[in-house]
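Visitor: Chains as they are written, first to last, in the working numbering: chain A, 360 to 936; chain B, 27 to 380.
Submitted below is the structure of interest, expressed as structure tokens.
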Amino acid sequence: MSQTWVTPGGVHPPENKHQSLTQSIGVLPLPEKLVVPLNQHIGAPAIPCVEVGQKVLKGEVIAKAAGTVSIPMHAPSSGVVSAIEHRPIAHASGMLAPCIEITTDGEDRWIAHEGVDDYEHLAPRKLLEIIANAGISGMGGAGFPSAVKLNPGRQRPILTLIVNATECEPYITADDSAIRERAAEIVEGIKILSAILDHPDNIFIGIEDNKPEAIEALAPHVEGTGISVVSFPTKYPSGGEKQLIYILTGKEIPSGKLPADLGMVCINIGTTYAIKRAVVNGEPLISRVTTVTGDAVGVQRNYETLIGTPVSHLLAHSAFDEKACSRVIMGGPMMGFTLPSADVPIVKTTNCILAPSYAEIPDDEPAQPCIRCGMCAEACPVSLLPQQLFWYSQAQDHERLEAHNLFDCIECGACSYVCPSNIPLVQYYRASKSEIRKARAEKVKSDHARERFEFHKLRMEQAEREKEEKRTARREAALQASAAPSNPSSSVPSSSAADIIAAAQARAAAKQATPEQQQAQLERTIAAAEQRLIVAEQKLAEAIEKGSANQSVLSAAVENTRQKLEQAKAKLAELTA
Amino acid sequence: MAFKQVTSPHAHSAQKTSNVMQLVLLATVPGLVALTWQFGWGSIINVLLASITAVVCEAAIVHLRGRSVAFYVSDYSALVTAVLLGIALPPLAPWWVIVVGTVFSIVIAKQLYGGLGYNPFNPAMVGYVVVLISFPIQMTTWVTPLALLPEGVSHPGLIESLHIVFSGYTPADGVTGATPLDSFKHSSGLLVDQIYQRDPLFAQGIWAGAGWEWVNLGFLLGGLLLIAKRIFTWHGPVGMLGALALMSALFWDSGSSTSPGSPVMHLLSGATMLGAFFILTDPVSSAVSNRGRLIYGILIGLLVFIIRAWGNYPDAVAFAVLLANFAAPFIDNYTLPRTYGHTDRRRATEKEEG
Numbered sequence: 360m361s362q363t364w365v366t367p368g369g370v371h372p373p374e375n376k377h378q379s380l381t382q383s384i385g386v387l388p389l390p391e392k393l394v395v396p397l398n399q400h401i402g403a404p405a406i407p408c409v410e411v412g413q414k415v416l417k418g419e420v421i422a423k424a425a426g427t428v429s430i431p432m433h434a435p436s437s438g439v440v441s442a443i444e445h446r447p448i449a450h451a452s453g454m455l456a457p458c459i460e461i462t463t464d465g466e467d468r469w470i471a472h473e474g475v476d477d478y479e480h481l482a483p484r485k486l487l488e489i490i491a492n493a494g495i496s497g498m499g500g501a502g503f504p505s506a507v508k509l510n511p512g513r514q515r516p517i518l519t520l521i522v523n524a525t526e527c528e529p530y531i532t533a534d535d536s537a538i539r540e541r542a543a544e545i546v547e548g549i550k551i552l553s554a555i556l557d558h559p560d561n562i563f564i565g566i567e568d569n570k571p572e573a574i575e576a577l578a579p580h581v582e583g584t585g586i587s588v589v590s591f592p593t594k595y596p597s598g599g600e601k602q603l604i605y606i607l608t609g610k611e612i613p614s615g616k617l618p619a620d621l622g623m624v625c626i627n628i629g630t631t632y633a634i635k636r637a638v639v640n641g642e643p644l645i646s647r648v649t650t651v652t653g654d655a656v657g658v659q660r661n662y663e664t665l666i667g668t669p670v671s672h673l674l675a676h677s678a679f680d681e682k683a684c685s686r687v688i689m690g691g692p693m694m695g696f697t698l699p700s701a702d703v704p705i706v707k708t709t710n711c712i713l714a715p716s717y718a719e720i721p722d723d724e725p726a727q728p729c730i731r732c733g734m735c736a737e738a739c740p741v742s743l744l745p746q747q748l749f750w751y752s753q754a755q756d757h758e759r760l761e762a763h764n765l766f767d768c769i770e771c772g773a774c775s776y777v778c779p780s781n782i783p784l785v786q787y788y789r790a791s792k793s794e795i796r797k798a799r800a801e802k803v804k805s806d807h808a809r810e811r812f813e814f815h816k817l818r819m820e821q822a823e824r825e826k827e828e829k830r831t832a833r834r835e836a837a838l839q840a841s842a843a844p845s846n847p848s849s850s851v852p853s854s855s856a857a858d859i860i861a862a863a864q865a866r867a868a869a870k871q872a873t874p875e876q877q878q879a880q881l882e883r884t885i886a887a888a889e890q891r892l893i894v895a896e897q898k899l900a901e902a903i904e905k906g907s908a909n910q911s912v913l914s915a916a917v918e919n920t921r922q923k924l925e926q927a928k929a930k931l932a933e934l935t936a
Numbered sequence: 027m028a029f030k031q032v033t034s035p036h037a038h039s040a041q042k043t044s045n046v047m048q049l050v051l052l053a054t055v056p057g058l059v060a061l062t063w064q065f066g067w068g069s070i071i072n073v074l075l076a077s078i079t080a081v082v083c084e085a086a087i088v089h090l091r092g093r094s095v096a097f098y099v100s101d102y103s104a105l106v107t108a109v110l111l112g113i114a115l116p117p118l119a120p121w122w123v124i125v126v127g128t129v130f131s132i133v134i135a136k137q138l139y140g141g142l143g144y145n146p147f148n149p150a151m152v153g154y155v156v157v158l159i160s161f162p163i164q165m166t167t168w169v170t171p172l173a174l175l176p177e178g179v180s181h182p183g184l185i186e187s188l189h190i191v192f193s194g195y196t197p198a199d200g201v202t203g204a205t206p207l208d209s210f211k212h213s214s215g216l217l218v219d220q221i222y223q224r225d226p227l228f229a230q231g232i233w234a235g236a237g238w239e240w241v242n243l244g245f246l247l248g249g250l251l252l253i254a255k256r257i258f259t260w261h262g263p264v265g266m267l268g269a270l271a272l273m274s275a276l277f278w279d280s281g282s283s284t285s286p287g288s289p290v291m292h293l294l295s296g297a298t299m300l301g302a303f304f305i306l307t308d309p310v311s312s313a314v315s316n317r318g319r320l321i322y323g324i325l326i327g328l329l330v331f332i333i334r335a336w337g338n339y340p341d342a343v344a345f346a347v348l349l350a351n352f353a354a355p356f357i358d359n360y361t362l363p364r365t366y367g368h369t370d371r372r373r374a375t376e377k378e379e380g
């Protein structure tokens, strides 16, 4: 028995898991239509590679991965591609997304496929390829492509493999029932993972102590394999990746880092089963175990459900009573989201369809004022101050929100669960997070625009300066050519041309010369300019006395000379400072 | 089929704010029973009168603010304020003292700041301090504890008490007197031992002042119930009681004539236990985090001792709590917990770099 650590906070909502565990994993009749969304994972959506009207076999690739962080999609059953279009998908916002619809032919005929038995002798690269080609993404929640997760790069060797069998959300029993019935295959999947990761020192299966049957089912299969099944007291949200890692290793993943940075990989136990099927049986991920539960369905149990099965199909075969149902939730009662309609399909991350009655999950009561009782802070698994976050969320005080580590919130809902004032705290945090993300994006955009503008200005100034220098150089050359024999210092009739030359010389010299030389040069420039200023002023005074017409020209020349002088003085001051 | 859209979490615990308030009310019962046993009907009359006034005021202001009266009154928070104020006020005080205090608590200290959850100061203590400063004579007259009543005199009955409160009847001689903290403060020429021997308030007591020790034990019992029920954590009360005990032990001075009194006397006298478990635990006006509440409690403990030992008013808890209310937002800025994945605690005033 390994040591375990205790996370702060957490809550103990009623588990409600027994209802769906009375029967074994069932199989539903084939639905008439299957709708496969192209983006069931984190990363780029897959690209369809079939056409409407095309016949496909079960397991055939219907969409290809778009890049590294993406996965292909496969036909969950045989039939005809009947549509490639936007459909409502399982998303909290009820948005539409590209999907491939297959009208099934009822034959459920497999495409030719073959697995490998001696995966131990296959190169990890080859195994990862099989997993990527099988379209496997994390089945616990986020849906991150597994092949990417299992390939953290050579500079980050994986020493600890954690298999997440916690299933801490109430009601959900998909993993529990899968372990009870498929322990051998699951353990084989873990062995494949071990081979891919070059046999990590520690392999843990983390599981809550409310699943004694599952623990027992695993025991004979892990014996002598080096895999340890670690059970720990049931508490929500122990199944969060960061929480589970802490419970099993006592280590925290630093904010903003990944488990791989600490030499760990954490993978859902359902995914290990999919990996076994992919490698040993050659089957892509086209079905998963989904719990159908809640008092608004007459039959509560787990089903091996084809990806793309409409939720309505599941409900129709579970004696669903729409009138008694307060809401339909994909996922559990703590982190699941409500479905806008039953038309949306089951995807690779759908572990549960929860249809609770009004008695189980009543309509929300109106929120009362926050009295800062602190029950939320006691429940928070990452030691935030939810009551303060709520306060600053309302005030839209982004600085304070970030200082209170808003972005470390895992949105587990423990704070809202305990809130005696019924405040939908998590909703506030989600809203604030997106506000801050939007503000950051806008700041990046405006910074970018400003930099571009400043660079443009700089470039224009530079071009102007270069032109000016070329002009002066030409003039200087002409001047030198014409006045070569005479003494240049005495031939200063007016200020303009010679001034520019001197200034340009000073500039050019300042660019290359040592500080001492620059200083000497500048001092000379200043002395010359002072001389010229006196001369110019005298000329101006004479012109004024005589009332001659070229007064304005001369006064401009005086002004020009004075400016040049000041510039040179400023430069000298800068140099000597 | 179209279903209702609601954000997660969908499950909620059954505990409601009104339940929390009801539990707090329930937890005052042992203390209130001890008060009534030791000092007669006065406190019950205070509590009832304050409760009626508070609910009427709350309803009136909520109505004026255009909010749902039923929704806001049913949170029981006005009742909690009223009960705590009624307990804190002297038994048999004239009715108008109670009404003025309660009106001030509910209307000024609570509703004008925005109602439940928005008041920076503890409403009951604001009401208490207002009447303490305004009506010092009425506020410093306490009923004599049971054990000290002169031969043949008993606490006035319920009817007589009502007469005293509402019609200004003067109670019989010997029914009112000083409190132990008051008496102790004004016996500065004597050694502590001498005070304990000569002053019947102490001579008749078992651990501290006669009568008061039971009242404090009653509130301690209620407070422990609330901690067991997880209505609040131990941090605030332990901070205050610890600091008060430590200070009185440090300044005990072997019971000399200038000693401010023993730790036992301070812990079991006046409003110590009421303050520790029912006043400073008001979450709205206190610090937020556990560490913050510990510091907030310690601050109150220190202030209580300082005011009792060297201040002019013996009613230290009310002033200490109000002063600490001022400090609560400041304490909050520096007492954030360390979040998972961070090496350090942060400060609330920190700005993002860059």
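Glycine included, every Cβ here is placed at the ideal spot set by N, Cα and C.
Does A/E460 pass the burial test, meaning 16 or more other C-beta atoms within 10 Å, or should it be called exposed?
Guide: buried
Visitor: Compare the C-beta of A/R759 against all C-beta atoms of chain B and say whether one is closer than 8 angstroms.
Guide: yes
Visitor: Let me know if A/A701 comes out buried or exposed under the rule of 16 or more other beta-carbons within 10 Å of its beta-carbon.
Guide: buried
Visitor: With DSSP as the reference, label A/G512 as helix, strand or coil.
Guide: coil
Visitor: Along the region 611 to 634 of chain A, what residues have a CB closer than 7 angstroms to any CB found in chain B?
Guide: E611, I612, P613, S614
Visitor: Nearest by alpha-carbon distance to B/K30: which of A/D722, A/H371, A/L621 is it?
Guide: A/D722
Visitor: Is it buried or exposed, B/F228, if we count other Cβ atoms within 10 angstroms and call 16 or more buried?
Guide: buried
Visitor: Taking DSSP as the reference, what is the three-state secondary structure of A/R647?
Guide: The three-state reading of DSSP puts A/R647 in strand, counting E and B together.
Visitor: Residues of the region 684 to 699 of chain A with a CB closer than 9 angstroms to any CB of chain B: list them in chain order, please.
Guide: C684, S685, R686, V687, I688, G690, G691, P692, M693, M694, G695, F696, T697, L698, P699
Visitor: Whether or not the region 265 to 272 of chain B and the region 297 to 308 of chain B are in contact is what I'm after, with contact meaning three or more pairs of Cβ atoms, one per stretch, closer than 8 angstroms; do they touch?
Guide: Counting C-beta pairs with one atom in each stretch, the region 297 to 308 of chain B and the region 265 to 272 of chain B have three or more that are closer than 8 angstroms, which means they touch.
Visitor: Under 8 angstroms, Cβ to Cβ, is there at least one residue of chain A near B/T196?
Guide: no
Visitor: Quick one: residues in its chain with C-beta nearer than 7 angstroms to the C-beta of A/S850, no 5 flanking neighbours on either side, listed in chain order?
Guide: Because the pLDDT at A/S850 is just 49, under 50, the model does not fix this residue reliably, and the point stays unresolved.
Visitor: Does A/D806 have its Cβ less than 8 angstroms from a Cβ in chain B?
Guide: no
Visitor: In the structure shown, what three-state DSSP assignment does B/F29 receive?
Guide: coil
Visitor: What does DSSP give as the partner residue(s) for B/F130 in the beta ladder?
Guide: According to DSSP, B/F130 bridges with nothing at all.
Visitor: Output, in chain order, the set of chain B residues within a Cβ distance shorter than 8 angstroms of A/V741.
Guide: T365, Y366, G367
Visitor: Buried or exposed, going by whether 16 or more other CB atoms sit within 10 Å of the CB of B/P56?
Guide: buried
Visitor: Please decide whether A/D767 counts as near chain B, where near means a Cβ-Cβ distance under 8 angstroms.
Guide: yes
Visitor: With C-beta atoms as the reference, is A/S793 less than 8 angstroms away from A/L760?
Guide: no
Visitor: Classify A/K826 as helix, strand or coil using the three-state DSSP reduction.
Guide: The DSSP-derived three-state label of A/K826 is helix.
Visitor: Output yes or no for whether 8 angstroms exceeds the beta carbon distance between A/G438 and A/V409.
Guide: no
Visitor: With a 10 Å radius around its C-beta and 16 neighbouring C-beta atoms as the bar for buried, classify A/P516 as buried or exposed.
Guide: exposed
Visitor: Looking at B/P363 and A/L744, is the spacing between their C-beta atoms short of 8 angstroms?
Guide: With respect to B/P363, A/L744 sits close: the two C-beta atoms are nearer than 8 angstroms.
Visitor: Starting from A/G438, trace the beta strand (DSSP E) in both directions and tell me its first and last residue.
Guide: 438 to 447
Visitor: So, for B/G244: in the same chain, excluding its five sequence neighbours on each side, which residues have a beta-carbon less than 6 angstroms away from its beta-carbon?
Guide: Result list for B/G244: P56, G57, A60, in chain order.
Visitor: Among A/E724, A/I562, A/K826, A/G474, which has the Cα closest to the Cα of A/M623?
Guide: A/I562
Visitor: May I ask which residues mark the beginning and end of the alpha helix (DSSP H) holding A/A576?
Guide: Start and end: 571 to 581.
Visitor: Should B/T202 and B/W168 be called a contact, given that it needs their Cβ atoms to be closer than 8 angstroms?
Guide: yes
Visitor: Distance check for B/A346 and B/I326, CA to CA, integer angstroms please.
Guide: 5 angstroms
Visitor: Please state whether DSSP places B/G323 in a helix, a strand or coil.
Guide: helix
Visitor: Assess contact between the region 629 to 636 of chain A and the region 541 to 555 of chain A, defined as three or more Cβ pairs (one per stretch) separated by less than 8 angstroms. Is contact present?
Guide: yes
Visitor: What does a CB cutoff of less than 7 angstroms around B/W121 pick up in its chain, not counting 5 residues either side in sequence?
Guide: L75, V191, F192
Visitor: Could you check how far apart the C-beta atoms of A/E391 and A/T463 are, in whole angstroms? I think they sit under 8 angstroms.
Guide: With 8 angstroms as the limit, A/E391 and A/T463 qualify as a contact, their Cβ atoms being about 6 angstroms apart.
Visitor: Within its chain, find whatever has a CB closer than 8 angstroms to the CB of A/D467; leave out the 5 residues flanking it on each side and keep chain order.
Guide: L389, K417, S436, S437
Visitor: On a CA-only basis, which of A/N640, A/L577, A/V785 is nearest A/L486? Give me that one, please.
Guide: A/N640
Visitor: At which residue ranges does the region 259 to 304 of chain B contain complete alpha helix (DSSP H) runs of 4 or more residues, listed in the order of the chain?
Guide: 261 to 276, 289 to 293
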